[in-house]
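A.B. asks: Below you will find the structure I want to go over with you.
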Amino acid sequence: MSLVKLSTERLALTRLTVADADFMYRLTTDPEWLKQIGDRGVTDPTTAADYIENAHLAMYTQYGVGLLKVIEVHSQQSIGVCGLMQRNAYDLPDLGYALLPDFRGKGYATEACQSVVQWCHEQQYQYLFAKVLPTNTVSIRVLEKLGFSYQYPEHDAGELLHIYQKTFS
C-alpha cells in the first residue's frame, strides 16, 4: 500500500506536488536543513519544483513512499515534511523529517513521525531505519521518543551518520 495521506489531531500529512515549490524553497534553503540534511541544489522556486518532481514524485511513483508535506490543521500552513525515503542500500525505507524554524520545539516533529511509524506498523514492516548526524541531538531525541535505538555508524558520501532502528513486534 502507498503512503498517501496521514493525519493527527494537529497535523495533516499529504503528498508533495510541484505546486509546493515556494514552500520547499523556503524549507530546503533553511540553514538547519542545509546543516542537517544537505544542499539539494534548490536555489529558487523553479529548482524547488524540479527537486519535488525528480526526487519526491519519482519516489512516490517508483516505491509508493516519500516525504509528505506536513500541514498544521488549525492554520492550514505548510510547516515541514515527514515521511519515508527509499534508498538503494536498504530493503526498507528510512524515516526523515524537517520543519520550518517557527514550528520547531512544539512537538510537531514527534507527532508527524509517530503517524508515519504507526503507518509502517500497520503495513507490517518488521523494522524501520533512520539516518542522523551524530551532532543532531534534537533529531536523536525525537527518534528515541519513538522507540528507535542506535545501531551502528555509517559513512555516506564522506559523512559520518548514525543509523537508528525501530523494531516492530
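What the sequence shown shows, in the UniProt record's numbering, is residues 1 to 169, in sequence order. Even glycine gets a Cβ: it sits at the ideal position worked out from N, Cα and C.
Which term fits His155, buried or exposed, when burial requires 16 or more other beta carbons within 10 angstroms of its beta carbon?
C.D. replies: The residue is exposed, with fewer than 16 neighbouring Cβ atoms inside 10 Å.
A.B. asks: In the DSSP assignment, find the unbroken beta strand (DSSP E) run with Leu34 in it and report its ends.
C.D. replies: Careful: Leu34 lies outside any beta strand (DSSP E), inside the alpha helix (DSSP H) at 31-36.
A.B. asks: Relative to the C-alpha of Val42, which residue among His121, Thr28, Val138, Glu32 is closest?
C.D. replies: Among His121, Thr28, Val138, Glu32, the Cα nearest to that of Val42 belongs to Thr28.
A.B. asks: Quick check on DSSP: helix, strand or coil for Tyr150?
C.D. replies: Reduced to three states, the DSSP call for Tyr150 is strand.
A.B. asks: Quick one: Cα of Leu84 to Cα of Gln76, how far?
C.D. replies: Those two C-alpha atoms are separated by around 22 Å.
A.B. asks: What number of angstroms, rounded off, separates the C-alpha of Glu32 from the C-alpha of His162?
C.D. replies: The straight-line gap from Cα to Cα measures roughly 18 Å.
A.B. asks: Decide if His56 is buried, meaning its Cβ has at least 16 other Cβ atoms within 10 Å, or exposed.
C.D. replies: Classification for His56: buried.
A.B. asks: Would you mind sorting Gln62 into buried or exposed? The rule is 16 or more other CB atoms within 10 Å of its CB.
C.D. replies: It counts as exposed.
A.B. asks: Run through the UniProt domain "N-acetyltransferase" (11-167) for me and flag every whole beta strand (DSSP E) of 3 or more residues, listed as ranges in chain order.
C.D. replies: Qualifying beta strand (DSSP E) stretches, in chain order: 11-15, 67-72, 77-85, 94-99, 127-132, 149-156, 159-167.
A.B. asks: Here's the rule: buried if 16 or more other CB atoms are within 10 angstroms of the residue's CB, otherwise exposed. What is Tyr51?
C.D. replies: The residue in question, Tyr51, is buried, as its Cβ has 16 or more Cβ neighbours within 10 Å.
A.B. asks: Where does Ser169 fall in DSSP's three states?
C.D. replies: Looking at Ser169 - three-state DSSP - the assignment turns out to be coil, as it is neither helix nor strand.
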